[in-house]
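Going by our numbering, the first residue of the sequence shown is number 427, and it counts up by one from there.
Glycine residues also receive a C-beta, built at the ideal position from the N, C-alpha and C atoms.
Note that the coordinates shown come from a computational prediction; the quantities given were computed from them, not determined experimentally.
In what follows, a single structure is set out as structure tokens and then discussed.
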Amino acid sequence: MKDYLIKYRPFLVFLGKFFFTYLLLIIIYQLFLSQYDAEKFEADGMTHLVADQTQMVLKAFDYNAKLIPLPGEPSILVTVDRKPIVRVVEGCNAISIMILFTAFIVAFSGKFLRTFGFIVVGILSIHILNVLRIPFLVMGMIHYPQYENLLHGVIFPLIIYGFIFLLWVLWVNKFQRYAKKNT
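Shown next, in the form of structure tokens:
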């Protein structure tokens, strides 16, 4: 058993750091969500922020976008020219994938400031991409409604998860402490 632990120590440390960070951040996120009244179907603050920023992006592209909190569910309806297009729900705020991103970076952590800086820049860039993703999804659904399932279920998730994968690859190959120097 001791030989096993010695042999696989780096992998076991990676798993331990990943799962500890992931569980800690999920617990913190659930505590954040518990502040909102589920019985009143109140959407959380981050979901409101994403919906507000979605509306701003749509208006920048000259779409007459309005936000309507939906009674009976914790979501915000995005309408364009009074036509309902999408609902922004808790899952649209990208917090869960930011947590996954962060847990992976911490599991492969390097120096504290470099790790912390990469996490902050990564989370901000994921948020920006997410806030652009939703308006472009709205535009796609307006102009190509027949592709709603493809856009929502394949194309846009592929973009955001692909971006996170690229950030992970960048971190592992360029910034974390075990990265090989290519000089």
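For residue i, tell me which candidate among the options has the shortest Cα-Cα distance.
{"i": "residue 540", "options": "571, 514, 505, 600", "result": "600"}
{"i": "residue 593", "options": "528, 536, 566", "result": "528"}
Do residue j and residue i count as a contact pair if the criterion is CB distance below 8 Å?
{"i": "residue 587", "j": "residue 525", "result": "no"}
{"i": "residue 544", "j": "residue 597", "result": "yes"}
{"i": "residue 480", "j": "residue 557", "result": "yes"}
{"i": "residue 514", "j": "residue 501", "result": "yes"}
{"i": "residue 563", "j": "residue 512", "result": "yes"}
Which value, in whole angstroms, describes the spacing of the CA atoms of residue i and residue j?
{"i": "residue 583", "j": "residue 554", "result": "14 Å"}
{"i": "residue 484", "j": "residue 467", "result": "25 Å"}
{"i": "residue 429", "j": "residue 435", "result": "10 Å"}
{"i": "residue 516", "j": "residue 567", "result": "20 Å"}
Mark residue i as exposed unless 16 or more other C-beta atoms lie within 10 angstroms of its C-beta, in which case mark it buried.
{"i": "residue 431", "result": "exposed"}
{"i": "residue 438", "result": "exposed"}
{"i": "residue 549", "result": "buried"}
{"i": "residue 576", "result": "exposed"}
{"i": "residue 463", "result": "exposed"}
{"i": "residue 486", "result": "exposed"}
Since residue i is in the alpha helix (DSSP H), which residue starts that stretch and which ends it?
{"i": "residue 564", "result": "538 to 569"}
{"i": "residue 583", "result": "582 to 596"}
At which residues does the beta strand (DSSP E) containing residue i begin and terminate?
{"i": "residue 513", "result": "509 to 514"}
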